[in-house]
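Novice: Could you have a look at this structure, given as structure tokens, before my questions?
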Amino acid sequence: MNLDLNTSEPRIMHIDLNSCFTTIEQQANRLLRNRPVGVAAYDSPRGFVLAASYPAKAKGVKLGVTNAEAKVLAPGITIMTPDPSKYREAHKRFKEILLDYTSDVSPKSIDEFVLDLSGSPVLRSGQSVEAIGLEIKQKIYARLGEAVTVNIGIATNRFLAKYAAGFDKPNGLTIITHENLISKYNGMSLVDLP
């Protein structure tokens, strides 16, 4: 089968803050790091988890699980209520970092952005998209904190960039080009589509 693949260089970057609410809480409180943490709409047993840290996810805690279920799945889990002002501040600082690279920055949610680096002076200066992605990760670490990580997907369009950002969580960086597109799709099922 002959596919006409887009052979242009990847210039679209999708950046997703890993486990946003819990990561920001872990950055604010060192005692929560590397532990099961859930952010829930209410802290009552019938409240439900909105976000789970990676240690909580590893024990089966996920979006929609009740707080009571979360405590059974991950004994010792810390359940917290959301702190929107803290998350808005992180979003603002996150966006400021990205604007250093291009003015074409589109927020997708409080924890996700898409950048089009096509006209970026940084890219025109000869820096590769991979180097830019790694530099963004370093700036996030420096400005948002060492507990805050992101996944970055880079591709020729927004759909593929979002798909690429789903690989190697947490803290991954994946580039999809015409050369590796088929191999990336081979292991995918419909439920993997972003």
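Mapping to our numbering: the sequence shown position 188 is 196, numbers consecutive. The beta carbon of each residue, even a glycine, is placed where N, CA and C say it ideally should be. Being a predicted model, the structure only gives us computed values, none of them experimental.
(1) Straight-line CA distance for ASP176 to ILE148?
(2) What residues match up with SER114 in a beta bridge as DSSP calls it?
(3) According to DSSP, is ILE140 helix, strand or coil?
(4) Using the Cα positions of ALA82 and PRO63, report the straight-line distance between them to the nearest angstrom.
(5) If you measure between the beta carbons of GLY55 and ALA48, is that distance less than 8 Å?
(6) Assuming VAL122 contacts ALA169 (C-beta within less than 8 Å), just tell me the rounded distance between them.
(7) Indicate the three-state DSSP secondary structure (helix, strand or coil) for ASN159 in the structure shown.
(8) Please determine if the segment 126-140 and the segment 12-29 are in contact, where contact requires at least 3 C-beta pairs separated by less than 8 Å.
(9) Using CA coordinates, which residue listed in GLY46, ALA172, ARG38 is at the minimum distance from ASP91?
(10) Please state whether the Cβ-Cβ distance between ALA78 and VAL69 is less than 8 Å.
(11) Does the beta-carbon distance from ASN37 to ASN179 come in below 8 Å?
(12) Please classify ALA60: does DSSP put it in a helix, a strand, or coil?
(13) Determine the extent of the beta strand (DSSP E) in which HIS22 is found, giving its start and end residues.
(14) Buried or exposed: which applies to ALA155, given that a residue is buried once 16 or more other Cβ atoms fall within 10 Å of its Cβ?
Specialist: The structure says:
(1) CA-to-CA, the gap between ASP176 and ILE148 works out to about 18 Å.
(2) VAL122
(3) Looking at ILE140 - three-state DSSP - the assignment turns out to be helix.
(4) 9 Å
(5) yes
(6) The C-beta distance from VAL122 to ALA169 rounds to 7 Å, short enough to meet the 8 Å contact threshold.
(7) strand
(8) yes
(9) GLY46
(10) In this structure, VAL69 lies closer than 8 Å to ALA78 by Cβ.
(11) no
(12) ALA60 falls in the strand class under three-state DSSP.
(13) It spans 20-25 - the beta strand (DSSP E) in which HIS22 sits, taken as one unbroken run.
(14) That one is buried.
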